[in-house]
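Beneath this line is the structure, given in structure tokens, with notes to follow.
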Amino acid sequence: MSPLQELLADVPQVGQVRWIGVRPKAREVMLEVEAVEARREAGLTGDHSRPGPRNARQVTLIQWEHLAVVAGLLGRDAPMEPSELRRNIAVAGINLFSLKGRRFRIGQAILETTGWCQPCARLEERLGRGTFQAMRGHGGITARVIEGGIIRLEDAVSVETLETISDPQDNDARQGWRARLE
Numbered sequence: 357m358s359p360l361q362e363l364l365a366d367v368p369q370v371g372q373v374r375w376i377g378v379r380p381k382a383r384e385v386m387l388e389v390e391a392v393e394a395r396r397e398a399g400l401t402g403d404h405s406r407p408g409p410r411n412a413r414q415v416t417l418i419q420w421e422h423l424a425v426v427a428g429l430l431g432r433d434a435p436m437e438p439s440e441l442r443r444n445i446a447v448a449g450i451n452l453f454s455l456k457g458r459r460f461r462i463g464q465a466i467l468e469t470t471g472w473c474q475p476c477a478r479l480e481e482r483l484g485r486g487t488f489q490a491m492r493g494h495g496g497i498t499a500r501v502i503e504g505g506i507i508r509l510e511d512a513v514s515v516e517t518l519e520t521i522s523d524p525q526d527n528d529a530r531q532g533w534r535a536r537l538e
């Protein structure tokens, strides 16, 4: 393994859940919760996301530290509220981009990163001119639930090592992960 690959593979930080929210229906107000059930192939209980293994946006996560950055880019004095940015989970202490191509544990659940959570025009409509540009690069990640479980405020967020992936049916995906890390 090259030095760069070793650096990419090693994620020593452990994050922490700082905020959790769900939307019962699309375009509705986010409901802040202290705990939520993550369901395999279905997302978060109480959230409107469409269930199914092909839904790459079952869960959306944003970097807690980026809330102040986005607010600063919009000329605000106080950090943004996670509910304003319409993400399900705000995480502090671990760079969400280091979870690219990874499975990670939050509380009892295991999730898999599916992509970047890009800003949308609705944010611009709701929060004003410039929101779209302020969110670029700060929108967080999308994920799907691989192994269900309860996620609570202050739960740890950590990268799963390949050896602890518990789905015996997912051997093909494991082989793909190893290839990407080598």
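Numbering (the numbering used here), first residue to last: 357 to 538.
Every residue gets a Cβ at the ideal spot worked out from N, C-alpha and C, and that includes glycine.
Buried or exposed by the 16-neighbour rule on C-beta atoms within 10 Å, applied to Phe453:
On the sequence shown, residue 453 is found 97 positions in, with the first residue counted as 1. With fewer than 16 neighbouring CB atoms inside 10 Å of its own CB, Phe453 falls in the exposed class.
Could you tell me the alpha carbon to alpha carbon distance between Ile450 and Ala382, rounded to whole angstroms? Counting from one through the sequence shown, the residue named residue 450 turns up at place 94. Counting from one through the sequence shown, the residue named residue 382 turns up at place 26. Ile450 and Ala382: Cα-Cα distance of roughly 29 Å.
Mapping DSSP to helix, strand and coil, what is Thr401?
Working through the sequence shown from its first residue, we reach residue 401 at position 45. For Thr401, the three-state secondary structure derived from DSSP is coil.
Query raised in the report: With C-beta atoms as the reference, is Glu393 less than 9 Å away from Gly505?
Result: Residue numbering aside, residue 393 sits at position 37 when the sequence shown is read from its first letter. Residue numbering aside, residue 505 sits at position 149 when the sequence shown is read from its first letter. Yes, the Cβ-Cβ distance between Glu393 and Gly505 is below 9 Å.
For the pair the segment 359-376 and the segment 388-402, tell me if three or more CB-CB distances fall below 8 Å. The segment 359-376, when compared against the segment 388-402, does touch it at the 8 Å Cβ threshold.
Fill in: C-alpha gap between Leu430 and Pro380, whole angstroms
For the purposes of this step, residue 430 is taken as the residue at position 74 of the sequence shown. For the purposes of this step, residue 380 is taken as the residue at position 24 of the sequence shown. Approximately 28 Å between the Cα atoms of the pair.
Q) What first and last residue would you give for the beta strand (DSSP E) that runs through Gln361? A) Taking the sequence shown and counting its residues from 1, the one referred to as residue 361 is at position 5. Unbroken run through Gln361 is the alpha helix (DSSP H), Pro359 to Ala365; no beta strand (DSSP E).
Where the beta strand (DSSP E) containing Val513 begins and where it ends
As a first step, residue 513 is located in the sequence shown; it is residue number 157 there, counting from the start. Ala512 to Val515 is the span of the beta strand (DSSP E), which, as asked, contains Val513.
- prompt: Buried or exposed: Leu404, going by 16 or more other Cβ atoms within 10 Å of its Cβ?
  reply: Along the sequence shown, read from residue 1 onward, the residue named residue 404 stands at position 48. Looking at the sequence itself, residue 404 is His, so the reference to Leu does not match. With fewer than 16 other Cβ atoms within 10 Å, it is exposed.
When the distance is taken between beta carbons, is Leu423 closer than 9 Å to Pro409? For the purposes of this step, residue 409 is taken as the residue at position 53 of the sequence shown. For the purposes of this step, residue 423 is taken as the residue at position 67 of the sequence shown. No, the pair does not count as a contact, with Cβ atoms beyond the cut-off.
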